[in-house]
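K.L.:
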Amino acid sequence: MMRSVLKTKFRAGNGFIAMANMKFSSKSIKIELEPYETHLFEKKRFNKTTTTNGDELLQYHKEMYEVRRMEIVCDMLYKAREIRGFCHLYDGQEAVAIGMEAALTMEDHLITAYRDHAQQLKRGDTVHRIIAEMMGRKTGSAEGKGGSMHLYFRKNNFYGGNGIVGAQVPIGTGIAFGLKYDRKPNVCISMYGDGAANQGQIFEAANMAKLWSLPAIYICENNNYAMGTSTQRHCSATDFYSRVPEIPGFKLNGQNLFHVREGLRAAKEFCVEGNGPVFIEMSTYRYHGHSMSDPGISYRTKDEVSEMRKTRDPISYIKGLIVDNEIATEKELKAVEKSINKEIDQIVEQIKKDPYPDPADLWTHVYCKGEKSYARGREYSETQFA
């Protein structure tokens, strides 16, 4: 295999990380894909294999590790009481966020629940702004007013984390309606967890999406335990991709970035063709508890979590491909990870110096500024429009 030694830089947070002496290859690397479990979704839409290359694999490793490190740092900051309130971490589920975005564009729309840090980052925000928001600083994504559960990035069509279980799904369905109304060749992704899968509003929204053939993709991130109850104990029908009989769906391996990427590509193609909504179940796993108030070991064992790290870790899978294909050595990848660690540590130190919101900020962003206010009259002739 021909190899060339290059120097390049990858963005991490607000800065850059130099990666020298990496062995990049433009040669295509073939990836075998496991079969998708389907419900009314044509299997011929799925590829049995996909391809990647050294450049892409290194980028995926960098992006996934950046999310992992950001979440681990948030864990430490929470325990140090630098972050307060609710906080739901994403470590273990990185392949879902990175693989999904690899199949989409920023013109596709996205809405999720409160485990939203990775989505905010991959939609274009920075590590600095995200952690600053959780630490209540004015330099945060919402100027310190929203916190962990309410990140939002309208610029790139991310409609944020939502604190009410399942409530984001009807909103996402409305966004999908807007895309169809405007004849846009895009989709809206509505993400929810297995714990929200029994919410009636999900079925009501999906029913409307089916009736109107909306470009809506409903993604259930099944990390097995909802808030702390296994799927077998809280749900009588655990095939979340097939729970609406009339709507096609499929299940994929949420720990494999390529399985996620290729599945999303097939789903998007299906939707923009005008075929209506799709349900996707992503089999994934969170290493932390449901939130920082949950130690995560009262309903599962430490051995189970350790086994998942050893056998299904999404970052280890990508690193294995990089090393096996002689793109970079384990030592070189470790150096990249140390650089990311250092970069994020520096970001945190800067955030600690950032200002808190001013008392006067309590009065901002409360109401939308209008043209002028008026009281509705008894008759049309008494209104401002007459």
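Quick note on this note's numbering: the sequence shown kicks off at -10 and runs consecutively.
Each residue gets a CB set at the ideal place from its N, CA and C atoms; glycine is no exception.
From a predicted model like this one, the values you see are computed outputs, not experimental measurements.
From His139 to Glu235, what distance separates their C-alpha atoms?
P.N.:
Taking the straight line joining both Cα atoms gives about 33 Å.
K.L.:
Using the three-state DSSP reduction, which class does Gly182 fall into: helix, strand or coil?
P.N.:
Gly182: strand per DSSP, three-state reduction.
K.L.:
Measure the CB-CB distance between Asn211 and Ser272 and report whether it falls below 8 Å.
P.N.:
Yes, Cβ-Cβ distance for Asn211 and Ser272 is below 8 Å.
K.L.:
Give the DSSP-derived three-state secondary structure of Ser305 in the structure shown.
P.N.:
Ser305: helix per DSSP, three-state reduction.
K.L.:
Please say whether Tyr288 and Gly133 have beta carbons closer to each other than 8 Å?
P.N.:
Not closer than 8 Å, so no.
K.L.:
Under 8 Å between the Cβ atoms of Arg250 and Ala107?
P.N.:
In this structure, Ala107 does not lie closer than 8 Å to Arg250 by Cβ.
K.L.:
So, is Pro24 buried or exposed, given that buried needs 16 or more other C-beta atoms within 10 angstroms?
P.N.:
Counting Cβ neighbours within 10 Å, Pro24 comes out exposed, since fewer than 16 surround it.
K.L.:
In this structure, how does DSSP classify Tyr207 when only helix, strand and coil are distinguished?
P.N.:
In the structure shown, Tyr207 sits in a strand (DSSP, three-state: E or B).
K.L.:
Quick one: what does DSSP say Cys224 is sitting in, helix, strand or coil?
P.N.:
Residue state, collapsed to three classes: coil.
K.L.:
Could you tell me the distance, in whole angstroms, from the CA atom of Ile286 to the CA atom of Gly278?
P.N.:
About 8 Å.
K.L.:
Going by Cα to Cα distance, which pick from Tyr276, Met65, Cys357 and Met53 is closest to Gly217?
P.N.:
Taking only the C-alpha atoms, the option nearest Gly217 is Tyr276.
K.L.:
When you compare the stretch 259 to 273 with the stretch 315 to 322, are there three or more beta-carbon pairs, one atom per stretch, that lie closer than 8 Å?
P.N.:
No, the stretch 259 to 273 is not in contact with the stretch 315 to 322.
K.L.:
Using the beta-carbon count (16 or more within 10 Å), is Asp114 buried or exposed?
P.N.:
Flag for Asp114 reads buried.
K.L.:
Near Tyr274, what residues of its chain come up, given a Cβ to Cβ distance below 6 Å and the 5 sequence neighbours on each side ignored?
P.N.:
Hits under 6 Å: Gly81, Asn212 and Met297.
K.L.:
Keeping to the same chain, check which residues put their C-beta closer than 8 Å to that of Val312; ignore five residues upstream and five downstream.
P.N.:
These residues qualify, in order along the chain: Thr318, Glu319 and Leu322.
K.L.:
For Gln109 and Glu368, what's the separation of their Cα atoms in angstroms?
P.N.:
The straight-line gap from Cα to Cα measures roughly 47 Å.
K.L.:
Going by other Cβ atoms of all chains shown within 10 Å of its Cβ, with 16 needed for buried, is His354 buried or exposed?
P.N.:
The residue is exposed, with fewer than 16 neighbouring Cβ atoms inside 10 Å.
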